[in-house]
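Notes to accompany the following structure.
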């Protein structure tokens, strides 16, 4: 409280300087060298991103700077804040700096805010800990801060408890708390990872405002290269506890000199990429940081590695102005302009049958949903339970999936996409409508028919750890569906070994338990289990969202390869529109239990016609700094309304940027009824600015192509639909 | 897309299977893996050996010992341990060693039977109630709550007195002890199963078409196995002590037959003048319960792949 005093840095001065930071933990298996020699300078007003996969030491770095590392950890090197050494300070001394000069924003705002105090109390506490101000003044400041971070009705909401806030609002409250004392350095550890894209765009916007307001330097820790491209000035890439490349954001994205960085950039599916070339894949997994072998830790995964790489670890060396990389081959990369395609050649999968050229309409329909609805009763009371309402989780959707096709189902969490999947998998009668799988209505199936159908309909779950029974060796896990269908022991054994090879795992590892595998390998086990009975339709629930970028690319490539070779049909649920663009043939966008836009993938991405699709596409950060800087965004206001109490008329109208600009007369249709799914309007796409101009809005009716040349199945549910160029 | 690499996690993972050089040539079944992991735990193996010896002693002891449990050595009352009577004699002139061996056998049988029956009941009822839910669950909870408030001790006492007499009367005691012993565990099993039920692998198994009984046995029960094993081990101790309590009041094992509990109850009256009568059965009881617990710990670690039984890195 006393030492900190006023600010003595101007914009551009070094605020935080880290030199040769090492963090080591003891563990049962040996010493965990979590951070090995990290150095950087952070200037006021600057944003530096630390990028790396799980286990690369980025979060440990932030904890070490904050002095929040476990007591058993050993820290060496130097961390200076305004020239004051922080390494070696006692916890009490650090407490006076934390929250005052250094502030932190955590990934999960629900666990970072105390549930038993109001938001206001927690911000007031942060202020009063460091400043001798009256409670009334601190409350006033709390209200101002909440207003600054864009919480509506701050006077009222300041008295709310964390559980009354949505995820995005909690993260805003965390930011308000972090900037309460005008810190010099804000550390944001994966601040938007737990949030939906539209909310992520809002929160990143708030974070920028907060930075401008406080003039603080920001350390942004993230694995999302799109966020890095849009938010940061400088980037540090970490691998196995070591910085492997540091430079300006343009240097890192356009002139990467370290194979790991290059591979990482090549492995990200891009929203703005057409075609479905396989992604660059980094073979293998990041090493564990216990007992690292000598040499460059990336060498086992690096196609450029030679004998020298395996014996001596390269130090960071200059490869350009203010740009350093740790690679023996960086000169060669510079000289020969090597890109990810040169360094990480995509293996051809071998005998791939020629693609099926039958037109879509002539192919067999494997899955069709007709007016599918699932409503849950909302019950209240412990003894006498009574129905107080209905949750409209899925509210009348129509979809069809043809053989050999991938249909992407996208939307924010809570929009009903997972419920849709569960409805299909349960094979029960839905609340309303019909589910027809392979031409059979699921509500009419007997027990035996259901079992037969389960053979052809399989599922891959999101979390590969949770979906594999930890008590079973993977052989038993993969063999389980075979056992259900009465396969003999000998046949099962051969089949499981084949499956392990098919998904790229070592058959010799069949004895191991799931926990002995990395995330990507576990997901491959899940895929092997789904493939065991040679299904025709696989339903995938966010199969890659829990994986690191370099691992994710391998799984996506595997899924595409399997689809081609085995002629599978996928229903692919995801919230990541870039992944969907890469893998899907068609896409359906869901909002509050209804489909708002559906169509061919390229058509929907190049001519999105529903304002929600446009907002989703514009909210996704693209890993390209130039594009990212020049993009205009549609920021949706507020959160997804509760499916228990959907707005009347068009369910999207409460957040719709077009509706907002309409005059009362134009609003009439939107207020009256949910627009039906109709053929999307024709015509050249307009720009985002034009699309949001109320003067330009007109009912889509006149634009609807009556006699369009090519029949299209691009459907959209909006009265004011018009194609917009977002990408 | 081959995944052929050596990560640093490998030594730890491989350590568990002790074949780092070549990939497994033959596949081990789940049972073989568990056995391997169990035999790495020295304490558990010692526990298993001690229990085995105690069982052998209970089975064949009577053929080896010079005295029978119902044989009096007239004139030898309250004699301390000597060459003639290794653990001394009782007030009535019975050989303490012979009676301890006899009592051990009875207690072992009762203890293990009760523990296994009650834990099995608890596992099946608790997990199925949690998994099936609805009225099935409500009905079982109602039964459990009702049985918990009944004074089980008196009920067992009354029923066992009114029941059939004879050599196999103790079987009724086993049934009664087990019937009143599973409720608390079943509640614990139910709440643990509630959380296991929500896991995705259970959903995955359901979508695979696994039947409910198989799903319970393959996926839910193994994932609460640690608790069940601890429950069996504690159950052995409780059952032996419960039987001892009943026997003390004359409702349990009837003379001339005997059990460790009966012996301890007898010996407790004369601890000050003849401590050996009490010490021998009490010592055996402690040894037995400790061994059972060591065995339980070992089994729990062997079944839990995340424990250290995977060998050292």
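Protein chains in written order, with the working numbering: chain D, 17 to 743; chain Z, 32 to 344. Even glycine gets a Cβ: it sits at the ideal position worked out from N, Cα and C.
Using the three-state DSSP reduction, which class does residue 250(Z) fall into: helix, strand or coil?
In the structure shown, residue 250(Z) sits in a helix (DSSP, three-state: H, G or I).
Please check if any C-beta of chain Z sits within less than 8 angstroms of the C-beta of residue 497(D).
Yes - at least one Cβ of chain Z is within 8 angstroms of the one on residue 497(D).
Which one or two residues does DSSP pair with residue 336(D) in a beta bridge?
DSSP, once it has assigned bridges, lists 339(D) as partnering residue 336(D).
Evaluate residue 56(Z) with the Cβ neighbour count: other Cβ atoms within 10 Å of its Cβ, from every protein chain shown; 16 or more gives buried, anything less gives exposed.
Any reading at residue 56(Z) is ruled out, since the residue's pLDDT is 44, under 50, leaving its predicted position unreliable.
Name the one or two DSSP bridge partners that residue 233(D) has.
According to the DSSP secondary-structure assignment, residue 233(D) is paired through a beta bridge with 201(D).
Does the Cβ of residue 199(Z) have 16 or more other Cβ atoms within 10 Å, making it buried, or fewer, making it exposed?
Exposed, by the Cβ-count rule.
For chain D, check one thing: does any of its Cβ atoms lie closer than 8 angstroms to the Cβ of residue 240(Z)?
It does: the Cβ of residue 240(Z) has a partner Cβ on chain D nearer than 8 angstroms.
Roughly how many whole angstroms lie between the Cα atoms of residue 207(Z) and residue 167(Z)?
The straight-line gap from Cα to Cα measures roughly 24 angstroms.
So, does the CB of residue 382(D) fall closer than 8 angstroms to a CB anywhere in chain Z?
No, because no Cβ of chain Z sits closer than 8 angstroms to the Cβ of residue 382(D).
For a quick check, are the C-beta atoms of residue 742(D) and residue 687(D) less than 8 angstroms apart?
Not closer than 8 angstroms, so no.
Less than 8 angstroms between CB atoms is the rule here; does residue 467(D) satisfy it with respect to chain Z?
Answer yes: the Cβ-Cβ gap between residue 467(D) and chain Z drops below 8 angstroms somewhere.
In chain Z, which residues lie less than 7 angstroms from residue 488(D) when you measure between Cβ atoms?
Correct list: 61.
Between residue 486(D) and residue 535(D), is the Cβ-Cβ spacing less than 8 angstroms?
Not in contact: residue 486(D) and residue 535(D) (Cβ atoms no closer than 8 angstroms).
Going by C-alpha distance, which of 351(D), 655(D), 325(D) is nearest residue 335(D)?
Measuring from the Cα of residue 335(D), the nearest candidate turns out to be 351(D).
Listed from N- to C-terminal order along the chain, which residues in the region 106-133 of chain Z have their beta-carbon within a distance smaller than 9 angstroms of any beta-carbon of chain D?
Answer set for the region 106-133 of chain Z: empty.
Whole angstroms is fine: what's the gap from residue 291(Z)'s alpha carbon to residue 153(Z)'s?
C-alpha of residue 291(Z) to C-alpha of residue 153(Z): approximately 26 angstroms in a straight line.
Other residues of its chain near residue 557(D): CB distance less than 8 angstroms, five sequence neighbours each side excluded:
Result list for residue 557(D): 434, 437, 475, 476, 477, 478, 589, in chain order.
Is residue 470(D) close to chain Z? Criterion is C-beta to C-beta, closer than 8 angstroms.
So, interface residue.
Can you say whether residue 92(D) is buried or exposed, counting buried as having 16 or more other CB atoms within 10 angstroms of its CB?
By the neighbour-count rule (16 or more Cβ atoms within 10 Å), residue 92(D) is not buried but exposed.
For residue 66(Z), does the three-state DSSP call read helix, strand or coil?
Residue state, collapsed to three classes: helix.
Given that residue 295(D) touches chain Z, what residues does it touch there, using C-beta distances under 7 angstroms?
Correct list: empty, because the minimum Cβ distance to chain Z is about 12 angstroms.
Which same chain residues, not among the five before or five after residue 73(D), have their C-beta less than 6 angstroms away from its C-beta?
Excluding sequence positions up to five before and after residue 73(D), its CB lies within less than 6 angstroms of the CB of 50, 51, 254, 257, all in the same chain and listed in chain order.
Could you tell me which chain Z residues have their CB closer than 9 angstroms to the CB of residue 485(D), listed as they occur along the chain?
What residue 485(D) touches in chain Z: 230, 232, 233, 235, 236, 249, 250, 253, 254.
Extent of the continuous alpha helix (DSSP H) to which residue 681(D) belongs
First-last of the alpha helix (DSSP H) with residue 681(D): 680-688.
Less than 6 angstroms between C-beta atoms, sequence neighbours within five positions excluded: which residues of the same chain meet that for residue 610(D)?
Sequence-distant Cβ neighbours of residue 610(D) in its own chain, meaning closer than 6 angstroms and more than five residues away, are 411.
For residue 163(D), report the span of its alpha helix (DSSP H) as first-last.
Here the alpha helix (DSSP H) through residue 163(D) covers 151-164.
Distance between residue 621(D) and residue 648(D) (C-alpha atoms, nearest Å):
Residue 648(D) and residue 621(D) have their C-alpha atoms roughly 16 angstroms apart.
Identify every run of the alpha helix (DSSP H) within the region 183-250 of chain Z, keeping only runs that are complete inside it and at least 4 residues long; order them along the chain.
List check, alpha helix (DSSP H) in window: 183-193, 200-210, 214-228, 231-239, 243-246.
Residue 492(D) versus chain Z: which residues are under 7 angstroms apart at the beta carbon?
Under the 7 angstroms cutoff, chain Z gives 61.
Residue nearest to residue 80(D) in terms of C-alpha spacing, selected from 205(D), 293(D), 460(D)
When each option's Cα is compared against that of residue 80(D), the closest is 205(D).
contact_flag[the region 92-108 of chain Z, the region 117-135 of chain Z] where n(CB pairs < 8 angstroms) is 3 or more:
Short answer: they touch.
With a threshold of 8 angstroms, are at least 3 pairs of Cβ atoms found where one atom belongs to the region 320-331 of chain Z and the other to the region 255-268 of chain Z?
Touching, yes, given that three or more Cβ pairs across the two stretches are closer than 8 angstroms.
Kindly indicate which residue of 129(D), 548(D), 90(D), 681(D) has the alpha-carbon position closest to the one of residue 503(D).
Selected option, being the one with the closest Cα: 548(D).
Could you check if residue 395(D) is buried or exposed, using at least 16 other CB atoms within 10 Å of its CB as the buried criterion?
Label assigned to residue 395(D): exposed.
Does any CB atom of chain Z fall closer than 8 angstroms to the CB of residue 707(D)?
No, its Cβ sits nowhere closer than 8 angstroms to a Cβ of chain Z.
Look at residue 65(D) and residue 247(D) and say whether their C-beta atoms are less than 8 angstroms apart.
Contact flag set, yes.
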